[in-house]
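Take 1 as the starting number for the sequence shown in the working numbering and just add one per residue. Working notes for the structure below.
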Amino acid sequence: MFKHREYKLYEKEIFTKSGNKRVVRFFSKGEPEGAKTIALPKGYIVRKNKKTGVPYLKKKK
């Protein structure tokens, strides 16, 4: 499980409008329904939104 301050990193599988499966990763303070906590994926770094302060994932260059 990866934690950045009070936010935890989650992963959830969703279906797009076209019916394809897609995995989304996101930070949340609460525990979202249908999502599981994960470790920081390899090749990603954590950045923080300057306006809201919410963390997000960014691919390493």
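Glycine included, C-beta positions come from ideal geometry on N, C-alpha and C.
- Taking a C-beta distance under 8 Å as the contact criterion, Tyr10 and Lys29 do not qualify as a contact pair.
- Judged by their CB atoms, Val24 and Lys12 are nearer to each other than the 8 Å cut-off.
- Looking at the DSSP output, Thr37 shares a beta bridge with Tyr10.
- 8 Å or more divides the Cβ of Lys21 from the Cβ of Tyr44.
- Membership of Phe27 in the beta strand (DSSP E) is indicated by the continuous run Lys21 to Ser28.
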